[in-house]
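Residue numbers (our numbering), protein chains in the order written: chain A, 19 to 133; chain B, 7 to 119. Cβ atoms here follow ideal geometry from the backbone N, Cα and C, with glycine treated the same way. Each remark here refers to the structure printed beneath this line.
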Amino acid sequence: AQSVTQLGSHVSVSEGALVLLRCNYSSSVPPYLFWYVQYPNQGLQLLLKYTTGATLVKGINGFEAEFKKSETSFHLTKPSAHMSDAAEYFCAVSGYTSGTYKYIFGTGTRLKVLA
Amino acid sequence: EPEVTQTPSHQVTQMGQEVILRCVPISNHLYFYWYRQILGQKVEFLVSFYNNEISEKSEIFDDQFSVERPDGSNFTLKIRSTKLEDSAMYFCASSERQHNEQFFGPGTRLTVL
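Okay, structure coming up:
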């Protein structure tokens, strides 16, 4: 069975500081992993994804994430936060179990960027 | 760039009334989904749809809910008799393959009075 845990429902960083949003997953099969961003009053937008191959994946808006199988983690980072990064971020996992693909979202982390 | 569209953007209804939320997925996508997000809470999976039938549904998706692909482009979610607790943002999504990233529409805000 798959599951996703996002540590920290709220994260605050200063503008220009490192952004680190944590995501741990559980999957009995090699997972596909995703990060989505939701700006206020909008739908979810894909930031980046890991399927196979290179474990460090780069996404839009300067974000990147590293798949660490040994730690079952897929943390999202950005070297320097910008005010426009303030949003809700969702980690998601997709994997094949019991004859079907399961796509599960984490509970989300709200990022606040302080001036 | 192709995108998922949803109508209406905001629907207000009286408790007990039926509502139909409409979505137009990306044209070459084969898998379709509905999600719900109650204000300030997490995104909850409702149902997935493939090859003109439901492939998976959550506990939330009870007999009051139904989905349909009435033609080659639309994908609808019907709530037969709305309850106050159905008030939420409803997102439609589609994907090319089941394992791939999902593309989300902008959502329909449903308010049940």
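Same chain, Cβ closer than 6 Å to residue i, five either side skipped, listed in chain order
i: A:Q60; result: none
i: A:E106; result: Q56, G126 and R128
i: B:R115; result: H16 and M95
Straight-line gap, residue i to residue j (C-alpha atoms, nearest Å)
i: A:M101; j: A:L129; result: 10 Å
i: A:E82; j: A:F52; result: 11 Å
i: B:M95; j: A:K86; result: 33 Å
i: B:L124; j: B:H16; result: With chain B covering 7 to 119 only, the question about residue 124 of chain B has no answer from this structure.
i: A:V37; j: B:K63; result: 35 Å
i: B:K89; j: B:G22; result: 6 Å
i: B:R42; j: B:V49; result: 6 Å
i: B:T117; j: B:P14; result: 12 Å
i: A:S98; j: B:W40; result: 34 Å
i: B:P31; j: B:L83; result: 13 Å
i: A:T69; j: A:F92; result: 12 Å
i: B:I66; j: B:S54; result: 13 Å
i: A:K67; j: A:G113; result: 13 Å
i: A:S27; j: A:D103; result: 16 Å
i: A:Y43; j: A:E84; result: 13 Å
i: B:V18; j: B:D68; result: 21 Å
8 Å CB neighbourhood of residue i in its chain, flanking five on each side removed
i: A:G124; result: V22, T23, Q24, C41, F108, C109 and A110
i: A:S46; result: A19, Q20, G113 and T115
i: A:L132; result: S30, V31, S32 and E33
Rounded distance between the beta-carbons of residue j and residue i, thought under 8 Å
i: B:S70; j: B:S87; result: Just to set this straight, residue 70 of chain B is Gln in the shown sequence, not Ser. The pair is a contact, with the Cβ atoms about 6 Å apart (cut-off 8 Å).
i: B:A99; j: B:G111; result: 7 Å
Contact set for residue i: own chain, Cβ-Cβ below 7 Å, skip 5 residues either direction
i: B:I44; result: A94
Entirely enclosed beta strand (DSSP E) segments - the segment 43-103 of chain A, minimum 3 residues: 50-56, 62-68, 74-76, 82-86 and 91-96
Note down, in chain order, all residues in the segment 48-79 of chain A with a beta-carbon under 9 Å from any beta-carbon belonging to chain C. No chain C is part of this structure, whose protein chains are labelled A and B.
Across the segment 67-78 of chain B and the segment 113-120 of chain A, are there enough close Cβ pairs to call them in contact, namely three or more that are closer than 8 Å? no
Could I get the ranges of all uninterrupted beta strand (DSSP E) runs contained in the segment 24-93 of chain B, with 3 residues as the minimum, in chain order? 25-30, 37-43, 50-56, 59-63, 71-74 and 81-85
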